[in-house]
Amino acid sequence: MRLCFADLHVHTALSPCADDEMTPPRIVARAREEGLAMIAVCDHNTTGNTAAVQEAAARAAALDAAAADGLAVVAGMEVTSAEECHVVGLFPDAAAADAAGAEVAGLLPQAGEGYAGFFGEQHLLAADGTRRGAEPAALATATPLDVGAVVALVHRHGGLAVAAHVDRHSFGVVGQLGVFPAEAGFDAVEVSRHVSAASPKLAEYAAFGLPLLRSSDSHTLDTLGSARTALRVAAPTFAELALALRGAKGRSVTIA
Amino acid sequence: MTLDDIARELELVELVPPNEVERAAEVTRGYASDLLSDVLAHAPSGGLLVTLQVHLNVIAVAGHAELAAVVFAGGRRPDDDVVAKAAEEGLALYGCAADTFEIAGRLYALGVKGSRA
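Chains as they are written, first to last, in our numbering: chain A, 4 to 259; chain B, 451 to 567.
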């Protein structure tokens, strides 16, 4: 068993609100500089760049034989519920994430004329950071699924559902819904980088009875890794993360 | 203006009926918000909530904030489990095809004021 660090909520330039510098190679390089063993790519309502970041991580590991390990990149997605709550889904692999992403894509309107001017560009990128095109769906939109239905969608694709940034007034489940929706079936609760590891607020979130993660929700390179979760796992893999969230077989997660 | 008067004037659709006491109760305050944490913090006790939120938590929040009734705006309708929960809690629910702004305007014209007015 080893202790390693994860930032399980990172956006790429595909998210309309994220910086253009959030390309696969730059995200991977920054995560490695930060000493992270695992990141999760969670763009808004899409998984279009997850495979590219995974590929970029594999290339970086191949180029750097001296590094003990490569960077594990979990394929994720941050889904917006009908109540405008953000739900992070973490999936076993890119194929599962893409299947979930395709379901979500079918629920979104098209971006249309002038959209990017208001909400930002939605860059589909290749592993080397070059632009493959623009995502046509309006990603900064809520799906018609309520929180419970989003959690169910994530579970249906073998994923783990995390209540994103519960400390935030906007788009967190507590802010939107007043009290934590225990019946929704979340697997974990995420706090943002604005809640320190020593914050008394953590006890309030722990009272939801779920494991706590602390993630950066970074939309810019400089915040990547600024909030992290310590994983006690055999290896930084999705399967080990799932065990750690259940506190099974000696695995665990703690806020770092 | 009683809850019953308001329901009649605004042609609200009764989803969970108020009891006879609630029906005759004076409603002088109202609140319009879709952020339930905001409702919890600021909605006036005994008031009417106008919201687009149809999540189950509306019922818990309305109970905690001691609201008289909830009006779902824009033609939105909660699921059956939400209606059942409200009935169990004794919370009156109404539906209305008009949007939030229109409903709040009509309420104001009837003399129902905001939480701090």
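Using N, Cα and C, we set each Cβ at its ideal position, and we do this for glycine too.
Taking a 10 Å sphere around the C-beta of A/Gly250, we find fewer than 16 other C-beta atoms and assign the residue as exposed. Counting along the chain, the unbroken alpha helix (DSSP H) around A/Glu106 starts and ends at 97-108.
Contact with chain B is found for A/Asp149, since one of that chain's Cβ atoms lies less than 8 Å from the residue's Cβ. Only exposed fits A/Leu66, as fewer than 16 other CB atoms lie within 10 angstroms of its CB.
Residue burial is scored here from C-beta neighbours: B/Glu461 has fewer than 16 other C-beta atoms within 10 angstroms and is therefore classed as exposed. In the assembly as shown, B/Leu543 is a buried residue. Its beta-carbon has 16 or more other beta-carbons within 10 Å.
Sequence-distant Cβ neighbours of A/Ala60 in its own chain, meaning closer than 7 Å and more than five residues away, are Val31, Gly73, Leu74, Val76. Gly181, Val182, Pro184, Glu186: these are the residues of the stretch 181-214 of chain A whose beta carbon lies less than 8 Å from some beta carbon of chain B, given in chain order.
A/Leu246 and B/Ala482 have their alpha carbons spaced roughly 43 Å apart. The residue from B/Ala474, B/Ala475, B/Gly513 with its alpha-carbon nearest to that of B/Leu490 is B/Gly513. With 16 or more other Cβ atoms inside 10 Å of its own Cβ, A/Pro184 counts as buried. Looking at A/Asp10, A/Gly181, A/Val44, A/Asn48, the one whose alpha-carbon comes closest to that of A/Glu36 is A/Asp10. In the DSSP assignment, B/Asp488 falls within the unbroken alpha helix (DSSP H) covering 486-492. Closest in alpha carbon position to B/Ala493, among B/Leu502, B/Val463, B/His505, B/Arg479, is B/Arg479. Within the stretch 117-137 of chain A, no residue has its Cβ closer than 8 Å to any Cβ of chain B.
Counted as a single uninterrupted DSSP element, the beta strand (DSSP E) harbouring A/Gly136 occupies residues 134-137.
Between the alpha carbons of A/Arg33 and A/Ile258 lies a distance of about 21 Å. With its beta carbon less than 8 Å from one in chain B, A/His172 belongs to the interface. Secondary structure of B/Arg566 (DSSP, three-state): coil. By the 16-neighbour rule on beta-carbons within 10 angstroms, A/Cys20 is exposed. It is roughly 56 Å from the alpha-carbon of A/Leu224 to the alpha-carbon of B/Glu476. By the Cβ neighbour-count rule, A/Ala191 is buried, with 16 or more other Cβ atoms within 10 Å of its own. Contiguous beta strand (DSSP E) elements confined to the stretch 21-66 of chain A occur at 41-44, taking only those with 3 or more residues. Comparing alpha-carbon positions, the option among B/Glu459, B/Val463, B/Arg458, B/Leu453 lying closest to B/Glu470 turns out to be B/Leu453. Here the alpha carbons of A/Gly136 and B/Lys535 stand approximately 47 Å from one another. The beta carbon of A/Glu58 sits closer than 6 Å to those of Ala130, all from its chain and outside the five residues before and after it, given in chain order. One alpha carbon belongs to A/Ala187, the other to A/Ser173, and they sit about 19 Å apart. Per the coordinates, the alpha-carbon of B/Lys563 lies some 9 Å from the alpha-carbon of B/Ala554.
Here DSSP, grouped into helix, strand and coil, assigns B/Thr550 to helix.
Per DSSP, reduced to three states, the secondary structure at A/Gln125 is coil, with no helix or strand assignment.
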